[in-house]
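Undergrad: So the sequences go chain by chain: A and B.
Under our numbering, think of the first position of the first sequence as 1, with each following residue one higher.
Under our numbering, think of the first position of the second sequence as 1001, with each following residue one higher.
There are 2 protein chains.
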Amino acid sequence: MASSTVENYLKHLLLLAEGGDGLVPMGALAGALAVVPGTVTTMVKALAAGGLVEHRPRQGVRLTDAGRGVALGVLRRHRLVETFLVQVLKMDWAAVHAEAERLEHAISDDVLDRLDALLGHPAVDPHGDPIPTRQGRLDPSVYATLATCVADRPLRVVRVTEQSPEFLHFAEHSGLRPGTRVRVAGRNLAAGLVTVKRPAGRPLALSLAAAGKILVAPAR
Amino acid sequence: MASSTVENYLKHLLLLAEGGDGLVPMGALAGALAVVPGTVTTMVKALAAGGLVEHRPRQGVRLTDAGRGVALGVLRRHRLVETFLVQVLKMDWAAVHAEAERLEHAISDDVLDRLDALLGHPAVDPHGDPIPTRQGRLDPSVYATLATCVADRPLRVVRVTEQSPEFLHFAEHSGLRPGTRVRVAGRNLAAGLVTVKRPAGRPLALSLAAAGKILVAPAR
DNA sequence: TATTTAACTTTGACTATTCAAAATAGCCTG
DNA sequence: CAGGCTATTTTGAATAGTCAAAGTTAAATA
Ligand SMILES: [Mn+2]
Ligand SMILES: [Mn+2]
Ligand SMILES: [Mn+2]
Ligand SMILES: [Mn+2]
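This is how it looks when you write it as structure tokens:
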């Protein structure tokens, strides 16, 4: 029913609402979708007429329950497809995001259920992003980052937020894929630097910005 | 580059040109795409402007070499996807056509190559339809049908043309999937009936129309 | 050859999605 | 409180694809 365009608007709305109260500024949505603001205003009014979003003029947009349901479906397809591409087709984890952007609109429920079973009902995708359940439940997943966690404790990388191929390649090269054990050796707030120790290899220096994109949990 | 719509026009043109001189009547294309004739005229003029087809007003359309290349790519994606869905995801061979209609527009070359390798570079899809090669070579595959082959010879089903779920389910139930050994026991042209013997099961009666959709080759 | 007809093309209109540029609303500053 | 700045909305226009209905063509029929 929903076009690819509509699905993308809703999915980005879901992603942009993470954390906040759900009210997404029109400009943020325009930026995420790479369209001009006027386009978003037009489209959001149409989505609101369809009951998928609530539009607060000059303040922002918010998903309705119906819209959130659609968005969770798209996100589930996206993340299961990414998992399939990495686990079964052995693709580079930095390349799968672009592929999934197209495939997420072309997968039926039947195919999705079979992929899910083939993969063993994974809870997270290759980047550690949680996969919404069939029932539309999405793990809130509140984790510390390498920029905010307590120092000198054994940690485990659980997720890499940010899907640009450049950053993902960097993370892979730096041994910071989900599952890796790490420890924050020190932070220099003034210089904006975090030093990380990994099982193998010398200490690694990261900017706070980069460190903030690596989510971690206490090891074991 | 080519939109899904354009890809569909070109793919159907390739399919409809099978056998004939390649000149497809506008009405045939309209029927295949389920649009009104005027829509086809409009679209074909655009495709001709883009060098993908040659339009002979009031006579028909024909693919150019460029258009044929695009069409072969779409057909390759369609048939490899069908093969994947049946072999890996264990889907019903009658259901995969509809799925492939959407997925054929969303698969990249990289993913396609990996699927092809995973499946062992198949030459035909689950229905026996030949899969174009990466280089754009398509097996002409001239086979007899159960309606036209010589009688009383050991045969092997090689292909089921016609992708409606109804017919495919019927073929499966009747033990007429590609690979099955069969023999034409007799024909009654007046009644329009063909009688077929299979390894197991009693003789099967088919209409000539149905028999014409089952392609066969000499066994062994 | 005149007529009928079926296939095809043209025309006018509509939906979905987008952009450029102008108008506006709020908020912040002095 | 007057200006000014920024985010947002409005307006006008464009593109892709489609349909309904009217107009044309050319082959088939009489
Ligand atoms: Mn992704
Ligand atoms: Mn991901
Ligand atoms: Mn098919
Ligand atoms: Mn097929």
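Heads up, the beta-carbon is just placed ideally off N, CA and C, and yes, glycines get one too.
Can you grab the Cα-Cα spacing for the pair E162 (chain A) / H173 (chain A), in whole Å?
TA: Within the first sequence, residue 162 (chain A) is the residue found at index 162, counting from 1. Within the first sequence, residue 173 (chain A) is the residue found at index 173, counting from 1. Distance between the alpha carbons of E162 (chain A) and H173 (chain A): 16 Å.
Undergrad: Quick check on A257 (chain A) - is its C-beta less than 8 Å from some C-beta in chain B?
TA: Chain A is shown from 1 up to 220; residue 257 (chain A) falls before or after that span and cannot be answered.
Undergrad: Does the beta-carbon of Q163 (chain A), which I'm using as the reference point, lie nearer than 7 Å to any heavy atom of ligand 2?
TA: Your numbering for residue 163 (chain A) matches position 163 in the first sequence. Checking every heavy atom of ligand 2 against the Cβ of Q163 (chain A), one is found closer than 7 Å.
Undergrad: First and last residue of the beta strand (DSSP E) that includes R1062 (chain B)?
TA: One-based indexing of the second sequence puts residue 1062 (chain B) at position 62. Residues G1060 to L1063.
Undergrad: Taking the alpha carbon of P1130 (chain B) as the reference point, which residue from B:A1191, B:L1215, B:Y1009 and B:A1048 has its own alpha carbon closest?
TA: Counted from its first residue, the second sequence places residue 1130 (chain B) at position 130. When each option's Cα is compared against that of P1130 (chain B), the closest is B:L1215.
Undergrad: May I ask you to report which of helix, strand or coil DSSP gives G201 (chain A)?
TA: Numbered from its first residue, the first sequence carries residue 201 (chain A) at position 201. In this structure, G201 (chain A) counts as coil in the three-state DSSP scheme.
Undergrad: Checking 8 Å against the spacing of the C-beta atoms, do G1060 (chain B) and P1025 (chain B) come in under that value?
TA: Your numbering for residue 1060 (chain B) matches position 60 in the second sequence. Your numbering for residue 1025 (chain B) matches position 25 in the second sequence. Against a cut-off of 8 Å, the Cβ pair of P1025 (chain B) and G1060 (chain B) comes out as a contact.
Undergrad: Quick one: what's got a C-beta closer than 6 Å to G186 (chain A)'s C-beta in the same chain, skipping five residues either side?
TA: In the first sequence, residue 186 (chain A) corresponds to position 186, counting from 1. The answer, listed in chain order, is T195.
Undergrad: Are any of the Cβ atoms in chain A nearer than 8 Å to that of E1172 (chain B)?
TA: In the second sequence, counting from the first residue as 1, residue 1172 (chain B) sits at position 172. Chain A, which has no Cβ nearer than 8 Å to the Cβ of E1172 (chain B), makes this no.
Undergrad: Give the residues from the segment 111-131 of chain A that approach chain B closer than 8 Å (Cβ to any Cβ), ordered along the chain.
TA: Listed by position along the chain: V111, R114, L115 and L118.
Undergrad: Restricting to Cα atoms, I'd like to know which of A:A2, A:T41 and A:R79 is closest to L15 (chain A).
TA: Stepping through the first sequence from its first residue, residue 15 (chain A) is reached at position 15. With distances taken between Cα atoms, L15 (chain A) lies closest to A:R79.
Undergrad: If you measure beta-carbon to beta-carbon, which residues of the segment 1061-1091 of chain B are closer than 8 Å to chain A?
TA: Those would be L1085, V1088, L1089, K1090 and M1091, in chain order.
Undergrad: Indicate, with yes or no, if ligand 2 has a heavy atom lying under 7 Å from the CB of R79 (chain A).
TA: Working through the first sequence from its first residue, we reach residue 79 (chain A) at position 79. For ligand 2, at least one heavy atom lies less than 7 Å from the Cβ of R79 (chain A).
Undergrad: What residues of chain B sit near L103 (chain A), judged by a beta carbon separation below 7 Å?
TA: Translated into the one-based positions of the first sequence, residue 103 (chain A) becomes position 103. Here the neighbours are A1106.
Undergrad: Give the residues of chain B in contact with E99 (chain A), contact being defined as C-beta atoms less than 7 Å apart.
TA: The residue you call residue 99 (chain A) lines up with position 99 of the first sequence. Simply S1108 and V1111.
Undergrad: Check P25 (chain A) in the structure and name its three-state DSSP category.
TA: Position 25 of the first sequence holds residue 25 (chain A). Three-state DSSP puts P25 (chain A) in coil, outside helix and strand.
Undergrad: Among residues of its own chain, excluding the 5 on either side of F84 (chain A), which ones have a beta-carbon nearer than 7 Å to its beta-carbon?
TA: By 1-based counting over the first sequence, the position of residue 84 (chain A) is 84. The answer, listed in chain order, is L115 and L119.
Undergrad: Count the other CB atoms within 10 Å of the CB of H12 (chain A); is the residue buried (16 or more) or exposed (fewer)?
TA: Along the first sequence, read from residue 1 onward, the residue named residue 12 (chain A) stands at position 12. H12 (chain A) is buried by the Cβ-count criterion.
Undergrad: By alpha-carbon positions, which one of A:P154, A:A171 and A:H127 ends up nearest to P199 (chain A)?
TA: Position 199 of the first sequence holds residue 199 (chain A). Taking only the C-alpha atoms, the option nearest P199 (chain A) is A:P154.
Undergrad: Need the endpoints of the beta strand (DSSP E) that R177 (chain A) sits in, please.
TA: Mapped onto the first sequence, residue 177 (chain A) falls at position 177. Per DSSP, R177 (chain A) belongs to no beta strand (DSSP E) and is neither H nor E.
Undergrad: For A106 (chain A) versus L1103 (chain B), is the C-beta spacing smaller than 8 Å?
TA: Within the first sequence, residue 106 (chain A) is the residue found at index 106, counting from 1. Within the second sequence, residue 1103 (chain B) is the residue found at index 103, counting from 1. Against a cut-off of 8 Å, the Cβ pair of L1103 (chain B) and A106 (chain A) comes out as a contact.
Undergrad: I need the DSSP call for R1102 (chain B), collapsed to helix, strand or coil.
TA: Taking the second sequence and counting its residues from 1, the one referred to as residue 1102 (chain B) is at position 102. If DSSP states are grouped into helix, strand and coil, R1102 (chain B) belongs with the helices.
Undergrad: May I have the straight-line CA-CA distance separating T1064 (chain B) from A1046 (chain B), to the nearest angstrom?
TA: Here residue 1064 (chain B) refers to the residue found at position 64 of the second sequence. Here residue 1046 (chain B) refers to the residue found at position 46 of the second sequence. Rounded to the nearest angstrom, the two C-alpha atoms are 14 Å apart.
Undergrad: Going by DSSP in three states, E162 (chain A) sits in which element: helix, strand or coil?
TA: For the purposes of this step, residue 162 (chain A) is taken as the residue at position 162 of the first sequence. If DSSP states are grouped into helix, strand and coil, E162 (chain A) belongs with coil.
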